[in-house]
Every structure is written in C-alpha cells, then in structure tokens.
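S.K.: Residue numbers (the numbering used here): -2 to 160.
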C-alpha cells in the first residue's frame, strides 16, 4: 500500500515539475508570449447608443376623433420578424398597428372602451383582414390596454394625430 501511495505522489510531483519547466522555457524566449484566454464571454454594449429603460414621447398637434367604437385585435406571433406592407420589419415588442385605409406613419391613439387605458401607435401595415375588426395592434400595444391576457379582441375608440 505504501508503494502505491509513493508512486502516485511521484507521478503528481513529476507532472507539476514538468508544467513549471515548460512554462519557464516559454517565458525565457522573447518571441513567444504566454497568454491566457478568458472562458467567460463578456457582453459588449454599444457605446454610442444609450440603453433606454423607459421613455415619454410628446407629439405636436391634437388628436382628432376617428372612430368612437370599433374592435381591435393583435398580430399573431408568426408575423414577428417579417416585412410589413410599408417595408418595415414587424416587431411585436414595439407600438405599431395595421389599418386598412390610414396612411403609413399615421399616429393613432387607441383607447380601450371598458377600462379607459390608451396607447399611441404608428400605422406600419395593412389589415386586419377579418370582418368586424378595424385595427390590428402589435402584441405589446394590445396587452398594454387589454383588461385580461386571454382576450382576442377588445372594443376601442381611435383618435388620429392632426399636425
């Protein structure tokens, strides 16, 4: 048993000695540099663009009533990342909407008729193509004014920004 332990200790000492010897040879050479790589990936944040956690947007002009009662629905998740009719890429986490006749870039305030919550969206797409629905909101816009998370459509009033 003592022989086995002594052999293991000699092996460990030999491995440690070899690694120190190899390192001293590499450090002794002027051309060779010893570098260690960091195994943890570091996230690089863009320096020019600040991170915005919350923002308030002020619009110049007045909101003029467009429709007092209509139905609003929201885009399905499958459209996330696809191009809209305006050419922009749809992002379900932005405050955008689709309307059949309003011009692209039109700013619309949509107010939930049951709870009074409102959201300001920009028209970037055409639709909805379901009878009885007037406007399709992005998922973020819809659920910011919806009463419950299980709703598929809500009754809303719409106001268009007049510049």
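All residues carry an ideal CB built from backbone N, CA and C; glycine is no exception. Bear in mind the structure is a predicted one, so any value in this text is a computation, not a measurement.
On the DSSP bridge assignment, give the partners of residue 145 in chain order.
M.R.: Position 148 of the chain shown, counted from the first residue, corresponds to residue 145. Note: residue 145 sits in no beta bridge, so no partner.
S.K.: For residue 127, count neighbouring Cβ atoms within 10 angstroms of its own Cβ and tell me buried if that reaches 16, exposed if not.
M.R.: Looking up residue 127 in the chain shown gives position 130. With fewer than 16 other Cβ atoms within 10 Å, it is exposed.
S.K.: Is residue 7 helix, strand or coil by DSSP?
M.R.: The count along the chain shown starts at 1 and reaches residue 7 at position 10. Reduced to three states, the DSSP call for residue 7 is helix.
S.K.: Spatial neighbours of residue 99 within its chain, please: CB distance less than 6 Å, with the 5 preceding and 5 following residues excluded, ordered by chain position.
M.R.: Start at 1 with the first residue of the chain shown, and residue 99 comes out as number 102. The answer, listed in chain order, is 120.
S.K.: Smallest Cα separation from residue 116: which of 139, 8, 6, 56?
M.R.: Residue numbering aside, residue 116 sits at position 119 when the chain shown is read from its first letter. Selected option, being the one with the closest Cα: 139.
S.K.: Give the DSSP-derived three-state secondary structure of residue 74 in the structure shown.
M.R.: By one-based count along the chain shown, residue 74 stands at place 77. It is helical.
S.K.: Could you check the C-alpha separation between residue 147 and residue 123 for me, to the nearest Å?
M.R.: For the purposes of this step, residue 147 is identified with residue 150 of the chain shown, where counting begins at 1. For the purposes of this step, residue 123 is identified with residue 126 of the chain shown, where counting begins at 1. Straight-line Cα distance between these residues: approximately 24 Å.
S.K.: Assess, as a yes-or-no matter, whether the region 79 to 93 is touched by the region 57 to 67 under the definition of 3 or more beta carbon pairs within less than 8 Å.
M.R.: no
S.K.: Since residue 107 contacts residue 153 with CB under 8 Å, what's their CB separation in whole angstroms?
M.R.: To locate residue 107, count along the chain shown from 1; it is residue 110. To locate residue 153, count along the chain shown from 1; it is residue 156. Correct: roughly 5 Å between the Cβ atoms.
S.K.: Going along the chain, which residues of its own chain have a beta-carbon closer than 8 Å to the beta-carbon of residue 111, five neighbours each way excluded?
M.R.: The residue you call residue 111 lines up with position 114 of the chain shown. Closer than 8 Å at the Cβ level, and outside the excluded window around residue 111, lie 144, 151, 152.
S.K.: Given a cut-off of 8 Å on the beta-carbon distance, is the pair residue 132 and residue 73 in contact?
M.R.: As a working note, residue 132 is residue 135 in the chain shown. As a working note, residue 73 is residue 76 in the chain shown. No; because the gap between Cβ atoms is not below 8 Å, this pair is not in contact.
S.K.: Alpha carbon to alpha carbon, what distance is there between residue 90 and residue 141?
M.R.: By 1-based counting over the chain shown, the position of residue 141 is 144. By 1-based counting over the chain shown, the position of residue 90 is 93. Each residue's Cα considered, the two are about 11 Å apart.
S.K.: What does the alpha-carbon distance come out to for the pair residue 92 and residue 71?
M.R.: The count along the chain shown starts at 1 and reaches residue 92 at position 95. The count along the chain shown starts at 1 and reaches residue 71 at position 74. Their backbone Cα atoms lie some 11 Å apart in a straight line.
S.K.: Tell me the DSSP secondary structure of residue 2 in three-state form.
M.R.: Counting from one through the chain shown, the residue named residue 2 turns up at place 5. Residue 2 falls in the helix class under three-state DSSP.
S.K.: In terms of residue numbering, what span does the beta strand (DSSP E) encompassing residue 150 cover?
M.R.: Numbered from 1 along the chain shown, position 153 holds the residue referred to as residue 150. It spans 150 to 159 - the beta strand (DSSP E) in which residue 150 sits, taken as one unbroken run.
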